[in-house]
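Participant: Each residue of the first sequence is one higher than the one before, counting from 21 in my numbering.
The following block contains the structure, expressed as structure tokens.
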Amino acid sequence: MFWPLYIQKSWVGSRFSSSKKTRTFVSYNCMMTANEIRKIFLDFFAEKQHQIVPSAPIVVKNDPTLMFVNSGMAPFKDIFLGNSPIKYPRIADSQKCLRVSGKHNDLEEVGIDTYHHTMFEMLGNWSFGDYFKKEAIAWSWELLTEIYKIPVDRIYVTVFEGDIKDALPFDIESFSYWQQYVAEDRILRGNKKDNFWEMGEQGPCGPCSEIHVDCRPDHERLLISGASLVNNDDPQVIEIWNNVFMQYNRLADGSLHPLPAQHVDTGMGFERLVRVLQEKTSNYDTDIFQPIIQAVAQWSNTNYGSTLAAPEKNHDTSSMREAGVVNNLPYAESSEATDIAMRVIADHIRTISFTIADGQLPGNAKAGYVIRRILRRAVRYGFQFLEFKKPFLYKLVPILATQFKEVFPELKKQEEFVAKVILEEENSFLRTLEIGLRKLDEVIKNNPVNTTEISGNIAFELYDTFGFPLDLTQLILRERGLHLNQKEFDAAMDAQKNRARNATAIDTEDWIVLEEKATTEFVGYDTLACEVQILKYRKVKTKSKEFYQLVFNTTPFYAESGGQVGDTGTLVNADESIVITDTKKENNLPVHLTDQLPLNPAASFTARVDASKRQAISSNHSATHLIHAALKEVLGAHVNQKGSLVNDEYLRFDISHFQKVSDEEIERVEKMVSEKIRENIALEELRNIPLEEARQMGATALFGEKYGDQVRVIIFDKNYSMELCGGTHVPATGQIGLCKIIAETAVAAGVRRIEAITSQNAIRYFEEKAKAFDEVKSNLNNSKDVLKAITDLKEENASLKKKIEKYENEIVASHLNTLKDNYTSKENYNYLVQQVTMPSVDAFKNLTLGLKQQVDTSVTILISVIDHKPMINIAVSDSLVSSKTFHAGNLIKELALFIKGGGGGQPGYASAGGNEVKGIDAALIKALEILS
RNA sequence: GGGGAAUUAGCUCAUCUGGUAGAGCGCAAGCAUGGCAUGUUUGAGGUGGUCGGUUCGAGUCCGAUAUUCUCCA
């Protein structure tokens, strides 16, 4: 392994001195790799009749309150909320999670210490209305102490002490179950903050019981009891597992009611568990992170290890961060700064790689922007502390992909694509840095010499507008003996935050429940209208608008998902009719949006989908499938869907492909698609077939899509297009009528976007083209060869332009010849005041500048009428400009008054235009007066 | 969702407050060297993102729109 032996030795020694039970611990877990540890967890719960499910994609869809999965329970939220039925009463998994904000995990802190992460794995076992506290506690104890062999004397557990305000009792059940395994002084009582878990302000909740492990060396354990350090931010006494027992439902008024079905929701931090079992003082020292860290260390010619060499050191590095200095620690070449940089990189590359593999590309808004920011933070640390001046992150992807190929195969399968996207992002950020450096240089150059302070507003502008990191600004300023006004910077940042907060204020009122029913039945595949009851509704207020959300017992409305937009339509009965403006999914619950609430929400209605719109959408969606299959055929098997939008206007389809799709390839795709349309292939739809069966049939599934175990398969000719899909489709391809690809563009590195139209829109497209062409043709006198007619016209136009230019030049030349001899001499200069006839503004300018060039020490004032408007040009020789005898710009302002206009220019040349031709004479007289 | 910025020659970017659209690289041709790397001279290349407004005059000011970058949520 990579780390010094003596540390392990000291640990081993201490373990031997503890109780008998720990003897096997050391020899067993020394060999345990992270992959083995994970497998043991899943095997353990599989044996206890748990269904093992793969991790849900890390990017969340259909939940307005969440961008990424931030806990093990997030993918099961719809089940807890009662929006989806329970399929398996017992589940276990390892879930990819991402946390970038919140009070316990600020992105800027990750890497500074040795145990925070952006991405982590949460091992979880779940009971949905099945087993409860007794089994959960027994199994967690069995796994930790008998399988993983964690010494009993290092374990502490906590139980909920109760809460007077909520009238919640002490969790005596959990306490008594724990008593069977743990000494009573190791069962600690926790308050509502630590030991009562709530999903949100309302909804399922309940007491929880945490398991903590004391990893400190024995001599420290003797000095201070571990019990006093539990939940006390000690980096060596850590919570590894939380068992949540959901038994209450909190209503909007704050009251708690027992849940009919009780659930268990547990989460064990995988990285922490591995750290404990591998006996490390830091998560980053485990074999989860070391392969990456060692690669980075090698590339940067740096050792990782100062933190490891000083395990008992207080990890407060704020002073280092402030001063930018490097501490001298046992390893001569390593330092805390480079260690931090390596941890940042090791952490962030995981986040970036897995989110991209799950379909989230770096971008400039929302989830995509979060990924971009994390990527940039990693690049920044490499750039600043490890001297990486060229892209390097992308080279780590293969290491990760191999490491996780068993548990998260999606990365291995898209290794090349993910690396390419990261490389492109790195390059683009290095460009951003370069531009920022240039801007900062300019700022420093322009800073007043009598101060060493740089305006905080300017630094904020660099950060806000040009994305130049603040700490780089500070570093560079420090190197030049400058500093910035931090107060100003902070104020500007606060203002920005306030603006954003005010703009996003959203006020969601409580659901008004008319009828308790678990789920909405979707009937929209088979019918576009049906009788419905409103189950519940609520009002939502945002800054700019106000609307209502309605939930029905049954609905024909397709809720936006899988790229297909939500249906619109009406809700009608004998008394009223209201418009449904959109349909969205919230945690798998279809929600209908309307601006107007029915007068009697409890009445029955007919819900009717806008049929022509739905028809257009279905046509575009089916066409998307045909295009997808054609693209795979024409471009190759590497083509994967990376995004899709289907509405009634057009379809947009993003694919992974490393070069432009050529015109010829587009043509072949179009041709193939239109053949399939003409074949009029009937839709074959398989509803509710097992996911495994669908895969074996060869149906196309997407990366980053969360599939249930029952899926729907859409087939247009089983040898051509077979996709897992929840969208709506035409009954036969002939209904698409016509499909035309109208654009092919790039959206990100390795991603191309195809846009196409079908049906009525495609027909209209061709009609308009034909009409435009007819008009062009008739404008060209119905020429047989339109192309040639246009080429001829263009050529003729160019030659005429040249002729005019030549002719104008001749006029200018002849004027030049006569006028250059018309100058009047004064002692210091020659001058000319003259009205001329000129064909264009350009010619007039050329004449004036020509005279300036040809007549030494001259002042030239010319007036001409061009396009019925008077115009004055003044040229002053450079020698007269430098001697400050005349200033063309000043002269012209005086003269422009006479022609009711304005003018200006430089000292050597100025021009003015006006409205009053009558004033020319007066202007000429005035000019002569000034010059003679 | 809200704020800021950018869009000018094939590429990278100038053009201070409205008044003569430019540089470097690249491209083409000529010359120099036996040839090449190269040096040098000349030249071509622009509806200044798109649309509208203010002005005698807009790349420059204002508004809209598109795209990209960036920060906040």
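Ideal placement from N, C-alpha and C gives every residue a C-beta, glycine not left out.
Exposed or buried, which one is residue 616 when buried takes at least 16 other CB atoms within 10 Å?
Facilitator: One-based indexing of the first sequence puts residue 616 at position 596. Exposed, since its Cβ has fewer than 16 Cβ neighbours within 10 Å.
Participant: Return the chain-ordered list of same chain residues with a C-beta closer than 7 Å to the C-beta of residue 398, the five sequence neighbours on each side being excluded.
Facilitator: Start at 1 with the first residue of the first sequence, and residue 398 comes out as number 378. So the list reads 364, 365, 368, 369 and 413, once near-sequence residues are dropped.
Participant: Report buried or exposed for residue 501, applying the criterion of at least 16 other Cβ atoms within 10 angstroms of its Cβ.
Facilitator: Counting from 1 along the first sequence, the entry for residue 501 is found at position 481. Exposed, by the Cβ-count rule.
Participant: Pull the bridge partners of residue 110 from the DSSP assignment, please.
Facilitator: Taking the first residue of the first sequence as position 1, residue 110 is located at position 90. Answer is 147.
Participant: Can you tell me whether residue 570 is helix, strand or coil according to DSSP?
Facilitator: For this step, residue 570 is matched to residue 550 along the first sequence. Correct three-state label for residue 570: strand.
Participant: Residue 830 and residue 866 - do their beta-carbons sit closer together than 9 Å?
Facilitator: Numbered from 1 along the first sequence, position 846 holds the residue referred to as residue 866. Numbered from 1 along the first sequence, position 810 holds the residue referred to as residue 830. No, these two residues do not count as a Cβ contact at 9 Å.
Participant: What residues match up with residue 16 in a beta bridge as DSSP calls it?
Facilitator: Outside the displayed span of the chain (21 to 952) sits residue 16, for which this structure offers no information.
Participant: By alpha-carbon positions, which one of 229, 175 and 184 ends up nearest to residue 193?
Facilitator: Taking the first residue of the first sequence as 1, we reach residue 193 at position 173. Cα-wise, what sits closest to residue 193 is 229.
Participant: Helix, strand or coil: how does DSSP classify residue 661 here?
Facilitator: Numbered from 1 along the first sequence, position 641 holds the residue referred to as residue 661. Three-state DSSP puts residue 661 in a strand.
Participant: Tell me which residues share the same chain as residue 718 and place their Cβ nearer than 8 Å to its Cβ, disregarding the 5 neighbours each side in the sequence.
Facilitator: Here residue 718 refers to the residue found at position 698 of the first sequence. Answer for residue 718: 742, listed in chain order.
Participant: Rounded C-beta distance between residue 601 and residue 588? I'm assuming under 8 Å.
Facilitator: For the purposes of this step, residue 601 is taken as residue 581 along the first sequence, with counting starting at 1. For the purposes of this step, residue 588 is taken as residue 568 along the first sequence, with counting starting at 1. Their Cβ separation, rounded to whole angstroms, is 6 Å, which keeps residue 601 and residue 588 in contact under 8 Å.
Participant: Measure the C-alpha to C-alpha separation of residue 644 and residue 190 and round it to an integer number of angstroms.
Facilitator: The count along the first sequence starts at 1 and reaches residue 644 at position 624. The count along the first sequence starts at 1 and reaches residue 190 at position 170. Rounded to whole angstroms, residue 644 to residue 190 spans 57 Å at the Cα level.
Participant: Report the option in 556, 692, 527 and 531 whose CA atom is closest to the CA atom of residue 562.
Facilitator: For this step, residue 562 is matched to residue 542 along the first sequence. If we check each option's Cα against that of residue 562, 527 comes out closest.
Participant: With 16 as the cutoff for other CB atoms within 10 Å, does residue 396 come out buried or exposed?
Facilitator: Translated into the one-based positions of the first sequence, residue 396 becomes position 376. Residue 396 is buried by the Cβ-count criterion.
Participant: Could you tell me the distance, in whole angstroms, from the CA atom of residue 847 to the CA atom of residue 836?
Facilitator: As a first step, residue 847 must be located in the first sequence, where it is residue number 827. As a first step, residue 836 must be located in the first sequence, where it is residue number 816. Cα-Cα distance, rounded: 23 Å.
Participant: In whole angstroms, what is the alpha-carbon distance linking residue 673 and residue 771?
Facilitator: In the first sequence, residue 673 corresponds to position 653, counting from 1. In the first sequence, residue 771 corresponds to position 751, counting from 1. In a straight line, the C-alpha of residue 673 is about 10 Å away from that of residue 771.
Participant: Could you please give the first and the last residue of the uninterrupted beta strand (DSSP E) stretch that includes residue 180?
Facilitator: Translated into the one-based positions of the first sequence, residue 180 becomes position 160. Start and end: 175 to 180.
Participant: Give a yes or no on whether the C-beta atoms belonging to residue 947 and residue 853 are separated by under 9 Å.
Facilitator: In the first sequence, the residue the question calls residue 947 occupies position 927. In the first sequence, the residue the question calls residue 853 occupies position 833. One thing to note: residue 947 has its Cβ within 9 Å of the Cβ of residue 853.
Participant: Would you mind working out which of 869, 532 and 650 sits nearest residue 689, comparing C-alpha positions?
Facilitator: For the purposes of this step, residue 689 is taken as residue 669 along the first sequence, with counting starting at 1. Of the listed residues, the one whose Cα sits closest to residue 689 is 650.
Participant: Under the rule that 16 or more other beta-carbon atoms within 10 Å means buried, what is residue 154, buried or exposed?
Facilitator: Numbered from its first residue, the first sequence carries residue 154 at position 134. The residue in question, residue 154, is exposed, as its Cβ has fewer than 16 Cβ neighbours within 10 Å.
Participant: Which term fits residue 468, buried or exposed, when burial requires 16 or more other beta carbons within 10 angstroms of its beta carbon?
Facilitator: Within the first sequence, residue 468 is the residue found at index 448, counting from 1. Its Cβ having fewer than 16 others within 10 Å, residue 468 is exposed.
Participant: Quick check: residue 903 and residue 875, are their CB atoms within less than 9 Å of each other?
Facilitator: In the first sequence, the residue the question calls residue 903 occupies position 883. In the first sequence, the residue the question calls residue 875 occupies position 855. Not closer than 9 Å, so no.
Participant: Assuming residue 754 is part of the beta strand (DSSP E), what are its boundary residues?
Facilitator: Start at 1 with the first residue of the first sequence, and residue 754 comes out as number 734. That residue, residue 754, is in no beta strand (DSSP E); it is neither H nor E in DSSP.
Participant: Quick check: the Cα distance between residue 265 and residue 222, rounded to an integer number of angstroms?
Facilitator: In the first sequence, the residue the question calls residue 265 occupies position 245. In the first sequence, the residue the question calls residue 222 occupies position 202. Their backbone Cα atoms lie some 16 Å apart in a straight line.
Participant: Rounded to the nearest angstrom, what separates residue 957 and residue 842 at their Cα positions?
Facilitator: Outside the displayed span of the chain (21 to 952) sits residue 957, for which this structure offers no information.
Participant: For residue 481, report the span of its beta strand (DSSP E) as first-last.
Facilitator: Along the first sequence, one-based indexing puts residue 481 at 461. Unbroken run through residue 481 is the alpha helix (DSSP H), 476 to 486; no beta strand (DSSP E).
Participant: Among all the DSSP beta bridges, which residues are the ones paired with residue 606?
Facilitator: Indexing the first sequence from 1 puts residue 606 at position 586. Answer is 609, bridged to residue 606.
Participant: Below 9 Å between beta carbons: does that hold for residue 920 and residue 935?
Facilitator: For the purposes of this step, residue 920 is taken as residue 900 along the first sequence, with counting starting at 1. For the purposes of this step, residue 935 is taken as residue 915 along the first sequence, with counting starting at 1. The answer is yes: Cβ separation under 9 Å.
Participant: The beta strand (DSSP E) that contains residue 556, what's its start and end?
Facilitator: Within the first sequence, numbered from 1, the residue matching residue 556 stands at position 536. Run containing residue 556: 549 to 562, per the beta strand (DSSP E) assignment.
Participant: If I follow the unbroken alpha helix (DSSP H) through residue 528, where does it start and stop?
Facilitator: Translated into the one-based positions of the first sequence, residue 528 becomes position 508. Per DSSP, residue 528 belongs to no alpha helix (DSSP H); it is in the beta strand (DSSP E), 526 to 528.
Participant: Hey, how far is the Cα of residue 273 from the Cα of residue 537?
Facilitator: The sequence position of residue 273 within the first sequence is 253, counting from 1. The sequence position of residue 537 within the first sequence is 517, counting from 1. Approximately 21 Å between the Cα atoms of the pair.
Participant: When the Cα atoms are used, what is the spatial distance from residue 633 to residue 405?
Facilitator: Working through the first sequence from its first residue, we reach residue 633 at position 613. Working through the first sequence from its first residue, we reach residue 405 at position 385. Roughly 56 Å separates the two Cα atoms.
Participant: Using the three-state DSSP reduction, which class does residue 344 fall into: helix, strand or coil?
Facilitator: Along the first sequence, read from residue 1 onward, the residue named residue 344 stands at position 324. Here the model assigns residue 344 a pLDDT of 33, short of 50, so the residue's position is not dependable, and the following value carries that caveat. Looking at residue 344 - three-state DSSP - the assignment turns out to be coil, as it is neither helix nor strand.
Participant: Should residue 232 and residue 175 be called a contact, given that it needs their Cβ atoms to be closer than 9 Å?
Facilitator: On the first sequence, residue 232 is found 212 positions in, with the first residue counted as 1. On the first sequence, residue 175 is found 155 positions in, with the first residue counted as 1. Residue 232 places its beta carbon less than 9 Å from that of residue 175.
Participant: Would you grab the beta carbon distance between residue 144 and residue 283 for me? Rounded to a whole angstrom, and I think it's under 8 Å.
Facilitator: For the purposes of this step, residue 144 is taken as residue 124 along the first sequence, with counting starting at 1. For the purposes of this step, residue 283 is taken as residue 263 along the first sequence, with counting starting at 1. Rounded, the Cβ-Cβ distance is 12 Å, inconsistent with contact.
Participant: Can you check the region 231 to 291 for any alpha helix (DSSP H) of at least 4 residues that lies completely inside it and give the ranges in chain order?
Facilitator: 238 to 243
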